[in-house]
Amino acid sequence: MRAVSDSLSVTFSALADPTRRAILARLASGAATVKELSAPFEMSGPAVSRHLRVLEHAGLIQRGREAQWRPRTLDATPLREVAEWAEEFRRFWDASYARLDTYLQSLTERENTDAQPS
Amino acid sequence: MPSPVKTGVTTYATPSDREIAITRVVKAPRRIVFDAYTTPRHLQQWLLGPEGWTMPICEIDLRPGGAFRYVWRKEDGAEMTIAGSVREVAPPERVVTTESWGPEWPETVNTVVFTEADGHTTITLTVRYPSQAARDAALQTGMKEGMDQGFARLDALLRTLA
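From first to last, the protein sequence lines are chains A and B.
Be aware that the first sequence starts at 1, since it is given in my numbering, and climbs by one per residue.
Be aware that the second sequence starts at 119, since it is given in my numbering, and climbs by one per residue.
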């Protein structure tokens, strides 16, 4: 498996909340203001802002420059990192177990040979 | 009774919010499989992931409270280390360990259970993550069980980025 990134656990904890995942899913279809992002949730503005800060800290969203209603946009880089890690996880076990099959065959054959009377 | 899982296939399932169960059926008696899974000289032969990696360091103190450390090395010099400790050992049935890939990584609790039937052994490795997000991330590729709507959408997003 490849060398691992320190930021991955920050991404994981940012993704741990269903509201934050819904916010990211909304941003996947385009930039949105805080007000637009708050609309689907029965949640106060400050509560939504807290979620946005967590996502920003994880590098998952970025703010636009326009002063007051700075729209948020999705930054997919950390997600790509997570997806790559997940793919490595499966490749690791698939490849290791394929090798174990062959190795166990040689171990059982060796044992059977040893067990035969001379 | 025929085994529900075929040999040669690794299956991934989600027995709870925080767990992944990785199951493989192998054609060997359980005591041999247990040895292959817990003895350094055996592990160094197969627990290697994709082509190109070796495991130059494999140390296991196989008793409750004992430490273990695996270091893998790639041809280009890249290294990966997993370290942890043993919680329970019950040969040839079960081993429970805690492990982590480093200080920045969540510690997982790994339980491996060996069951034998008809000369085959089913290896069930259950990895318990500290959060559902960490678990779900490990399943992103191809797995759908246990994902809520938000994660299903995120998964679709990830596919478009791949």
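Heads up, the beta-carbon is just placed ideally off N, CA and C, and yes, glycines get one too.
Values in this document were obtained by computation on a predicted structure and should not be read as measured data.
Are the C-beta atoms of residue i and some chain B residue less than 9 angstroms apart?
i               : result
Arg99 (chain A) : yes
Ser13 (chain A) : yes
Gln62 (chain A) : no
Asp17 (chain A) : yes
Glu56 (chain A) : no
By the criterion of Cβ-Cβ separation under 7 angstroms, what are the contact partners of residue i in chain A?
i                : result
Thr128 (chain B) : Trp93, Asp94, Tyr97
Ile140 (chain B) : Trp93
Let me know if residue i comes out buried or exposed under the rule of 16 or more other beta-carbons within 10 Å of its beta-carbon.
i                : result
Arg169 (chain A) : There is no way to answer for residue 169 (chain A), as the model of chain A reaches only from 1 to 118.
Val127 (chain B) : exposed
Phe186 (chain B) : buried
Met198 (chain B) : buried
His51 (chain A)  : buried
Gly106 (chain B) : No statement about residue 106 (chain B) is possible, as the shown extent of chain B runs from 119 to 280 and does not include it.
Arg142 (chain B) : buried
Could you confirm whether any beta carbon from chain A is found closer than 9 angstroms to the beta carbon of residue i?
i                : result
Gly167 (chain B) : yes
Ser249 (chain B) : yes
Thr125 (chain B) : yes
Using a cut-off of 8 angstroms between C-beta atoms, extract the partners of residue i located in chain B.
i                : result
Phe41 (chain A)  : The contacting residues do not exist; Phe41 (chain A) stays about 12 angstroms from chain B at best.
Glu111 (chain A) : Ile150
Taking residue i as the reference, which of the options has the closest Cα?
i                : options                              : result
Val207 (chain B) : B:Ala131, B:Thr242, B:Gly184         : B:Gly184
Trp69 (chain A)  : A:Leu37, A:Ser106, A:Asp114, A:Leu24 : A:Leu37
Tyr130 (chain B) : A:Ser106, A:Val34, A:Trp93, A:Ala32  : A:Trp93
Ile61 (chain A)  : A:Ala22, A:Pro40, A:Asp114, A:Ala98  : A:Ala22
Which residues in chain B sit within 7 angstroms of residue i, going by Cβ to Cβ distance?
i                : result
Thr108 (chain A) : Ala146, Ile150
Leu37 (chain A)  : In chain order: nothing, as chain B lies at least about 14 angstroms away.
Under the three-state reduction of DSSP, which class applies to residue i: helix, strand or coil?
i                : result
Arg110 (chain A) : helix
Just to confirm, does residue i get its C-beta within under 8 angstroms of one of the non-hydrogen atoms of the ligand HEM?
i                : result
Thr229 (chain B) : Questions concerning the ligand HEM fall outside what the structure shown contains, since it holds no ligand whatsoever.
By the criterion of Cβ-Cβ separation under 9 angstroms, what are the contact partners of residue i in chain B?
i                : result
Leu104 (chain A) : Val144, Lys145, Ala146, Ile150, Val151, Ala154, Trp164, Thr239
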